[in-house]
Every structure is written in structure tokens, then in C-alpha cells.
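First residue of the sequence shown? That's 41 in our numbering, and the numbers climb one at a time after it. Each residue gets a CB set at the ideal place from its N, CA and C atoms; glycine is no exception. In this text the structure is predicted, and so the values were computed from the model without any measurement. A short worksheet on the structure shown next.
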Amino acid sequence: MTIEFDNNAPIYIQIMNYIKKQIVIGKMGPGDKIESVRDLAAELQINPNTIQRTFQELEREGIVETKRGLGRYVTDEESTIMQMKKEMASELLGRFVSGMKELGFAENDIVALVEGAVQPDKDKEEA
Numbered sequence: 041m042t043i044e045f046d047n048n049a050p051i052y053i054q055i056m057n058y059i060k061k062q063i064v065i066g067k068m069g070p071g072d073k074i075e076s077v078r079d080l081a082a083e084l085q086i087n088p089n090t091i092q093r094t095f096q097e098l099e100r101e102g103i104v105e106t107k108r109g110l111g112r113y114v115t116d117e118e119s120t121i122m123q124m125k126k127e128m129a130s131e132l133l134g135r136f137v138s139g140m141k142e143l144g145f146a147e148n149d150i151v152a153l154v155e156g157a158v159q160p161d162k163d164k165e166e167a
């Protein structure tokens with residue numbers, strides 16, 4: 041695992057976001073075992089208490105489950121993973137739209153640009 045830490049956000053949140061992204065993109069699937077606190081702390085060269093806090097927050101959100109004596113695992117709840125994916129997409133989209141509005145684009149222009157990016161061949165078909 042390789043993470044470039046940003047000094048503007050708590051490290052445990054950055055690790056949480058990294059793990060969430062790995063789950064959403066399918067690199068970590070439902071039921072997959074997660075590295076131990078000690079192994080992950082050594083790999084990232086950070087304090088084990090930071091990793092422990094990360095896991096506690098992920099458990100609180102229902103993304104990770106602890107199986108006593110076996111370790112931590114990604115939740116088997118597909119709905120939890122899908123909800124997390126939607127939240128991440130919404131956050132990303134919100135930042136994009138805000139940025140485009142700051143550049144002076146109107147909503148209909150933003151929609152047209154997104155449609156053009158998603159369906160680049162559509163314009164060629166209409167011509």
C-alpha cells in the first residue's frame with residue numbers, strides 16, 4: 041500500500057479514504073481480510089494507534105467487521121459498499137460542479153460538456 045500523505049488532513053482520514061477507494065474500485069472485495077494494525081503501521085511507517093483509529097472509524101461506519109481472533113474483514117453487505125460508492129461519487133461530482141461554476145460555466149454548459157466527455161462519439165453520429 042502506498043499513500044502520499046497530505047499535511048492538510050488527518051492521516052487516519054486519508055487512510056480511511058484510501059481503504060474505501062480500494063473497496064469501491066474492487067481491489068478489496070466483500071469478505072476480504074484486511075492487513076493487521078501492526079503490519080499496516082509498519083508498511084506505512086506510521087504509529088499503530090493511527091491505524092487502530094482508522095479501523096475503529098471504518099467499523100463504526102459498517103465498512104469493516106472484526107471477527108474475534110481472526111482479524112478484520114471488509115463487510116459482506118453489498119448495500120453498504122454501494123452506498124459508499126454513491127457518496128464518493130456525489131462528493132466528487134459536487135467538487136467538479138463547484139469548480140466549473142467558479143470558472144463561469146452555466147449549468148446547461150456543464151451538462152453539455154459532461155455529455156460530450158461521456159459520449160464523445162455522439163457528436164460524430166449527429167453530424
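Nearest-angstrom Cα separation, counted from residue j out to residue i
{"i": "V137", "j": "D149", "result": "11 Å"}
{"i": "V158", "j": "V151", "result": "10 Å"}
{"i": "P88", "j": "A81", "result": "5 Å"}
{"i": "I84", "j": "F45", "result": "It is worth fixing the name first, because residue 84 is Leu in this sequence and not Ile. In a straight line, the C-alpha of L84 is about 10 Å away from that of F45."}
{"i": "L98", "j": "E142", "result": "34 Å"}
{"i": "R100", "j": "L133", "result": "25 Å"}
{"i": "M68", "j": "G111", "result": "15 Å"}
{"i": "D116", "j": "R108", "result": "16 Å"}
{"i": "V114", "j": "Q62", "result": "11 Å"}
{"i": "G102", "j": "S130", "result": "19 Å"}
{"i": "D79", "j": "M140", "result": "42 Å"}
Cut-off 8 Å between Cβ atoms - residues of its own chain near residue i, not counting five sequence neighbours on either side
{"i": "V64", "result": "I121, M124, K125, M128"}
Assigned exposure category for residue i - 16 Cβ within 10 Å defines buried
{"i": "L153", "result": "exposed"}
{"i": "M56", "result": "buried"}
{"i": "K60", "result": "buried"}
DSSP-derived helix/strand/coil call for residue i
{"i": "R78", "result": "helix"}
{"i": "K60", "result": "helix"}
{"i": "K73", "result": "strand"}
{"i": "I41", "result": "Note on residue identity: the sequence assigns Met, not Ile, to residue 41. If DSSP states are grouped into helix, strand and coil, M41 belongs with coil."}
{"i": "L143", "result": "coil"}
{"i": "P50", "result": "coil"}
Beta-ladder partner(s) of residue i, from DSSP
{"i": "A100", "result": "Note that residue 100 is Arg in the sequence shown here, rather than Ala. R100 is not bridged to any residue."}
{"i": "K107", "result": "G111"}
6 Å CB neighbourhood of residue i in its chain, flanking five on each side removed
{"i": "V77", "result": "P88, I91, Q92"}
{"i": "G94", "result": "Position check: residue 94 holds Thr in this sequence, whereas Gly was assumed. Taken in chain order, the residues that qualify are Y52, I55, M56."}
{"i": "K73", "result": "G111, Y113"}
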